[in-house]
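Below: the structure, in structure tokens.
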């Protein structure tokens, strides 16, 4: 399910970018661009409030920031859950 939602998000961003050069059915280009901008704005706010979890990513911080901007909680929530499990073992 997680992967499916990530694919949907990437498709939405790709369609929004493509809509600058290719006409979309039902003139959906402007709406796709607005939805993508709203998603990015929400993920930017998420980044500000959950940066402590974003830093837990094993790779470069820039990669984690980029993944958070693209996928939001689908990226940082597993990091937070793993950290919580590590700090509070059963």
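Numbering (this note's numbering), first residue to last: 170 to 259.
The C-beta atom is built at its ideal place from N, Cα and C for all residues, glycine as well.
Which of helix, strand or coil DSSP assigns to residue i
{"i": "residue 240", "result": "helix"}
{"i": "residue 257", "result": "coil"}
{"i": "residue 226", "result": "coil"}
{"i": "residue 235", "result": "helix"}
{"i": "residue 170", "result": "coil"}
{"i": "residue 189", "result": "coil"}
{"i": "residue 251", "result": "helix"}
{"i": "residue 210", "result": "helix"}
{"i": "residue 181", "result": "helix"}
{"i": "residue 217", "result": "helix"}
Distance, residue j Cα to residue i Cα
{"i": "residue 190", "j": "residue 184", "result": "10 Å"}
{"i": "residue 206", "j": "residue 213", "result": "10 Å"}
{"i": "residue 258", "j": "residue 178", "result": "33 Å"}
{"i": "residue 187", "j": "residue 224", "result": "32 Å"}
{"i": "residue 196", "j": "residue 181", "result": "15 Å"}
{"i": "residue 256", "j": "residue 236", "result": "24 Å"}
{"i": "residue 229", "j": "residue 192", "result": "37 Å"}
Closest Cα partner of residue i within the set the options
{"i": "residue 245", "options": "255, 218, 208 and 259", "result": "218"}
{"i": "residue 234", "options": "216, 207, 227 and 251", "result": "216"}
{"i": "residue 175", "options": "224, 241 and 213", "result": "241"}
Residue-level contact to chain C via CB, residue i, 8 Å cutoff
{"i": "residue 206", "result": "No chain C appears in this structure, which consists of one protein chain only."}
Residues near residue i in its chain [Cβ-Cβ closer than 7 Å; skip 5 each side]
{"i": "residue 171", "result": "243"}
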